[in-house]
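Novice: The structure that follows is given in the form of structure tokens.
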Amino acid sequence: MKKFVKIKAKNGNIYTGTIVKVDKKRVYLKVNSVKHAGKVHTSFFPFILPLVLFDLLAIVLLDTRRRIIF
């Protein structure tokens, strides 16, 4: 919960956002951006998108730590 992830669906869409809830059939994602077949859509407000787990190929946990480069 409350992890920043990138999710790839079977239809090729890629969703980036924060997981807010998970149940037996769905993961609920507070969406930052959606990529549809090469086009990126960024909303001006975060919205909650329910994604059916059966339709997902991969869920990748993204690193949100700030790195200091010397």
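If you read the sequence shown in my numbering, its first letter stands for residue -19, the second for the next number, and so on. By construction, the Cβ of each residue, glycine as well, lies at the ideal position given by its N, Cα and C atoms.
Any idea what DSSP makes of L36, helix, strand or coil?
Specialist: By 1-based counting over the sequence shown, the position of residue 36 is 56. If DSSP states are grouped into helix, strand and coil, L36 belongs with the strands.
Novice: Report all residues from its chain with a CB closer than 8 angstroms to the CB of K(-10); omit the five preceding and five following residues, and keep chain order.
Specialist: As a first step, residue -10 is located in the sequence shown; it is residue number 10 there, counting from the start. Taken in chain order, the residues that qualify are D35, L36 and L37.
Novice: What is the residue span of the beta strand (DSSP E) that T(-2) lies within?
Specialist: The residue given as residue -2 occupies position 18 in the sequence shown. Its beta strand (DSSP E) spans residues I(-6) to V2.
Novice: How is L42 classed by DSSP in three states: helix, strand or coil?
Specialist: For the purposes of this step, residue 42 is taken as the residue at position 62 of the sequence shown. In the structure shown, L42 sits in coil (DSSP, three-state: anything other than H, G, I, E or B).
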